[in-house]
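Peer 1: The structure under discussion is supplied below as structure tokens; questions concerning it will follow.
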Amino acid sequence: MLSGFTDFGGLFDEFRRLEQDLTGFLGRSAWPSEIRSLGRGAYPPLNVGATPEKVDVYLFAAGVDPKSIELTIHRNLLTVSGQRRVEAEQNAEYYRRERFDGEFRRAITLPEDVDPDRVEARYRDGVLQVSVQRREAARPRQISVQ
Amino acid sequence: MAETESVATRAQSEPAEQRQEALMLRPAVDIYEDDNGITVLADMPGVSRERLNVQVDKNNLVIEGDAQIDMPAGINALYADIRATHYYRSFTLSSELQHDQIDAHLKDGLLTVRIPKRAELKPRKVEIRTS
């Protein structure tokens with residue numbers, strides 16, 4: 002009786018699961034790479050969502066002083082920059098230092114109909130949410146066929 | 029202090045539908061040790077006090093939380109670096125740490141967990157007597 006390999010099906014399921022998780026964490030993105038994107042691993046990670054009225058950008062940056070964040074918008078290009086300094090403890094031995102430490106900058110191209118004069122930003126629980134209103138689109142008009 | 033990978037702690041037989049919940053975020057951590065104990069700093073943006081769970085289970089320190097972001101109804105995703113909302117990470121604690129005196133503090137999504145060493149095991153200067 003082979004020990005440890007009594008269920009081959011179960012073993013391959015675990016590998017499939019591992020592969021799925023790894024590609025999910027590390028691999029291909031469903032969205033095409035934005036030309037200004039920094040690739041995976043850029044800090045801070047961000048999500049962009051849109052409704053017909055506005056576009057919301059969420060930046061995941063815990064422990065950042067919101068006053069140190071610089072937000073600029075030019076037409077439909079939103080730029081977020083700032084820094085997150087991590088104070089290194091003296092007289093301590095570090096086992097892991099995974100958290101981002103330093104200056105960051107991300108540029109995001111938003112849909113072209115955003116209005117750069119109507120932007121709001123708030124920082125809560127480590128998430129910087131930037132909302133940009135969209136210009137009112139012309140109502141779709143019915144065209145009657147003669 | 030060793031880290032247990034989340035893959036190993038998942039149940040052996042898990043239906044495919046549960047894979048969505050099992051997609052977890054592994055928060056970035058800084059861990060350092062000084063004479064008094066070990067400190068863990070974890071980035072968990074989007075997690076507020078009510079959705080944070082820090083617990084010690086036997087020798088495992090578990091840090092988990094749910095990120096909640098206020099999103100308008102009917103929002104369409106255009107781009108996403110973050111595609112899950114559940115943070116999870118666990119560590120095994122060695123016995124010189126005081127498991128029942130763990131202190132946890134959350135501010136702006138940054139969790140600080142401090143685990144002191146047992147008092148009798150802190151490094152102590154040895155007084156040298158001269159007589």
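One line per chain: the protein sequences are A and B, in this order. Going left to right, the first sequence walks through residues 2 to 147 as my numbering numbers them. Going left to right, the second sequence walks through residues 29 to 159 as my numbering numbers them. Note that beta-carbon positions come from the ideal geometry of N, C-alpha and C, so glycine has one too.
(1) Under 7 Å Cβ-Cβ, which residues of chain B neighbour residue 46 (chain A)?
(2) Counting pairs of Cβ atoms below 8 Å between the region 120-136 of chain B and the region 73-88 of chain B, do you hit three or more?
(3) Please confirm whether residue 94 (chain B) and residue 79 (chain B) have their CB atoms less than 8 Å apart.
(4) When burial is assigned at 16 or more other CB atoms within 10 Å of the CB, is residue 67 (chain B) buried or exposed?
(5) According to DSSP, simplified to helix, strand and coil, what is residue 30 (chain A)?
(6) Please check if any C-beta of chain A sits within less than 8 Å of the C-beta of residue 102 (chain B).
(7) Which of the three DSSP states is assigned to residue 69 (chain A) in this structure?
(8) Could you tell me whether the Cβ atoms of residue 57 (chain A) and residue 73 (chain B) are closer together than 8 Å?
(9) Helix, strand or coil: which one does DSSP assign to residue 106 (chain A)?
(10) Between which residues of its own chain and residue 56 (chain B) is the CB-CB distance below 6 Å, once the five residues before and five after are set aside?
(11) Taking 8 Å as the cut-off, decide whether the C-beta atoms of residue 64 (chain B) and residue 145 (chain B) are in contact.
(12) By alpha-carbon positions, which one of A:54, A:44, A:68 ends up nearest to residue 101 (chain B)?
(13) Spell out the partners DSSP gives residue 75 (chain A) in its beta bridges.
(14) Could you name the residues of the same chain whose beta carbon sits closer than 8 Å to that of residue 158 (chain B), not counting the 5 residues immediately before and after it, in chain order?
Peer 2: To lay it out plainly:
(1) The count along the first sequence starts at 1 and reaches residue 46 (chain A) at position 45. Listed along chain B are 109, 110, each with a C-beta nearer than 7 Å to that of residue 46 (chain A).
(2) When C-beta atoms of the region 120-136 of chain B are compared with those of the region 73-88 of chain B, three or more pairs fall below 8 Å, so the two segments count as touching.
(3) Stepping through the second sequence from its first residue, residue 94 (chain B) is reached at position 66. Stepping through the second sequence from its first residue, residue 79 (chain B) is reached at position 51. Yes, Cβ-Cβ distance for residue 94 (chain B) and residue 79 (chain B) is below 8 Å.
(4) The count along the second sequence starts at 1 and reaches residue 67 (chain B) at position 39. Its Cβ being crowded by 16 or more others within 10 Å, residue 67 (chain B) is buried.
(5) Start at 1 with the first residue of the first sequence, and residue 30 (chain A) comes out as number 29. With a pLDDT of only 46 at residue 30 (chain A), under 50, the local geometry of the prediction cannot be trusted, and the value read off the model is given with reservation. Reduced to three states, the DSSP call for residue 30 (chain A) is coil.
(6) Numbered from its first residue, the second sequence carries residue 102 (chain B) at position 74. So, interface residue.
(7) Looking up residue 69 (chain A) in the first sequence gives position 68. Residue 69 (chain A): helix per DSSP, three-state reduction.
(8) What you label residue 57 (chain A) is simply residue 56 of the first sequence in a count that begins at 1. What you label residue 73 (chain B) is simply residue 45 of the second sequence in a count that begins at 1. No, Cβ-Cβ distance for residue 57 (chain A) and residue 73 (chain B) is not below 8 Å.
(9) Along the first sequence, one-based indexing puts residue 106 (chain A) at 105. Looking at residue 106 (chain A) - three-state DSSP - the assignment turns out to be strand.
(10) Position 28 of the second sequence holds residue 56 (chain B). The answer, listed in chain order, is 71.
(11) Within the second sequence, the letter at position 36 stands for residue 64 (chain B). Within the second sequence, the letter at position 117 stands for residue 145 (chain B). Between residue 64 (chain B) and residue 145 (chain B), the gap from beta carbon to beta carbon is short of 8 Å.
(12) On the second sequence, position 73 is the one that residue 101 (chain B) refers to. Sorting A:54, A:44, A:68 by C-alpha distance to the C-alpha of residue 101 (chain B) places A:54 at the top.
(13) Within the first sequence, the letter at position 74 stands for residue 75 (chain A). Listed as beta-bridge partners of residue 75 (chain A) by DSSP are A:78.
(14) Numbered from 1 along the second sequence, position 130 holds the residue referred to as residue 158 (chain B). Here the set comprises nothing.
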